[in-house]
Each structure stands twice: as structure tokens, then as C-alpha cells.
Ligand code: PAF
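So this is what it looks like as C-alpha cells:
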């Protein structure tokens, strides 16, 4: 438990006043933006925030503008009471729960579009998604004014999009990625895992197994094309489909690459298992 109780804010001015008071006494403030439905992966972000900062602000906002018309915005899991209990127990100092009217008041008409890193991968299948993410994260960071903001590496393209946007817009915040937390069998923790049937849940870890096999192969000098083809075959045999992408990208720019000669890479995938879309990524090089 934190030495201080969790304060809950739903408006910008009081949140900023609290953060300013903390900063005035020299505290380093870390923001953990979330969409709620908190699991151990989010709590790992909070633990990292506590390790590197003096005060932790966690936001919960299910951002409508990052969901496509046929995506799961309406059925996205929401459980504010349980989320607040978890945040309090994890030692968060302030929870920020703006509603849609605070984030997008009448007349709201600004959007941030990040070229390059947001193209392809998830960006190719979720038009407008990263613009929605970049816009809401920019707002959350301007509202809370943290020194550091933490994001999970599970959404690796999101992390790179946010880094790019903050750099390009000279927003004075440090963006840090936190390694993906996994179940014992390798499945990346995700709020969407609760959509999986028990039978799908049993097959889901195959996605991580395929990515780690490709990473090991690349590290051993095996050709990328054969590794990716083998990975697709394994995923299809395990019942995944459609496989939206299974790709090797430069770890920083996310430009397509086929070996480790230009530096560290990331192997990224998105695939459906039944009605659930799973994403994951691992590093190589
Ligand atoms: O990763 C998420 O939970 C969301 O995309 C984020 C960063 C909170 C923006 O809504």
C-alpha cells in the first residue's frame, strides 16, 4: 500500500493542481494510461511507475476514437470498482477517470495523425486506430502533465507511435516501454483474453511460441522468409485465422527488414483465434 490513500479525479483542473503540488515539493510524477479491465500486466506498469517515480497517476478511459465501427468498444470489459480497488492496493496515488464529455467536449475537432510508424501492421487493419490513440494519449499527458508515461510493450506499434508523436510535438515527457507480462505458458496478458473459450485459451500460447521460434531462428542466422512461412503454417494448424500479419520489423522505425544486419528487430503478429483478435511481439538481434 502507498503511504497515502488513492485520490480519484474526474476533471482536469483538480488533477493538475494535485500534480503541481507534488511537483512543487520535488516529486517525480509517472502516468500509467489504461482503458481499465486491469490485470497483472497493468499492475506491472504500476510497479515500474512506483520504482522510478515518487507519485503515480493511473488513468482509466475506454477511448471510443481508437475503436473501429465493427470493433469491441461496446463490449470492452468495464469494472471501475474492481479497477479502483486494484489501483489502491498497488499503491497508486491518483486515479484519473475522465468521462467522454471531459475528453471530447462538444465541438472537439482535433486529431493527431502519425505517419510512418503507424502504417502497416495493426495500422493496416485498424484504420484510424493510431490517430485515436495518439490524440487521446497526447490529451492525457497534457492533462496530467507527468514527467514519465509508461506503456506496455505488448502494444509495440502503439509504443513507437506515441514516442514519435511526443518527440515530433516537443511534449516534455519521457515515454518508457515495460516488457510484456505473460502467463506461465507464454500467452501475453490482455484484457481481451477473457473473450477466449477454454478450448481457444489452450491453443492461444502457440502465438508466442511461433514468435520465439522465429526470433531464435533469426538469431541463429536462418532465413527470414522460411521462418515466417513455417510460423504461418504452425498458426494455421493450431486453428488461428485469419492471420492479419506476421512480420519482422526494425525495432525502432518499424521499417520492414529481413535479417539482423541493420540492428535489433521485432517480430510482430496479429491473428484471430475464433472471434478474438490476439496480438503479440518479441525481440531478436
Ligand atoms: O493501451 C491502451 O490501453 C490504450 O491504447 C491507451 C494507451 C490507454 C490509450 O487509450
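In my numbering, the protein residues as written are 38 to 322.
Just so you know, even glycine gets a beta-carbon here, dropped at the ideal spot from N, CA and C.
Residue i burial status per 10 Å Cβ neighbour count (16 or more: buried)
i           : result
residue 192 : buried
residue 179 : exposed
residue 52  : buried
residue 321 : buried
residue 234 : exposed
residue 284 : buried
residue 145 : exposed
residue 206 : exposed
residue 312 : exposed
Residues that residue i bridges to, as DSSP identifies them
i           : result
residue 286 : 293, 303
residue 44  : 131
residue 71  : 97
residue 315 : 308
residue 321 : 302
residue 219 : 225
residue 280 : 308
residue 66  : 92
Cα-Cα separation between residue i and residue j, rounded to whole angstroms
i           : j           : result
residue 190 : residue 318 : 8 Å
residue 105 : residue 163 : 7 Å
residue 173 : residue 195 : 12 Å
residue 87  : residue 256 : 34 Å
residue 71  : residue 97  : 5 Å
residue 279 : residue 136 : 35 Å
residue 248 : residue 143 : 44 Å
residue 286 : residue 305 : 8 Å
residue 62  : residue 184 : 14 Å
residue 69  : residue 186 : 6 Å
residue 49  : residue 58  : 14 Å
residue 252 : residue 216 : 16 Å
residue 282 : residue 294 : 14 Å
residue 121 : residue 79  : 12 Å
residue 133 : residue 94  : 7 Å
residue 269 : residue 262 : 11 Å
residue 222 : residue 239 : 9 Å
residue 111 : residue 260 : 43 Å
residue 117 : residue 73  : 7 Å
Host beta strand (DSSP E) of residue i (start-end)
i           : result
residue 97  : 92-97
residue 214 : 211-215
Endpoints, the alpha helix (DSSP H) within which residue i is located
i           : result
residue 102 : Careful: residue 102 lies outside any alpha helix (DSSP H) and carries neither H nor E.
residue 256 : 243-256
residue 270 : 261-274
residue 239 : 235-240
residue 89  : 77-89
residue 139 : 137-140
residue 118 : 117-126
> Residue ranges of each beta strand (DSSP E) run of no fewer than 3 residues wholly in the region 157-200, ordered along the chain?
Replying inline: 185-189
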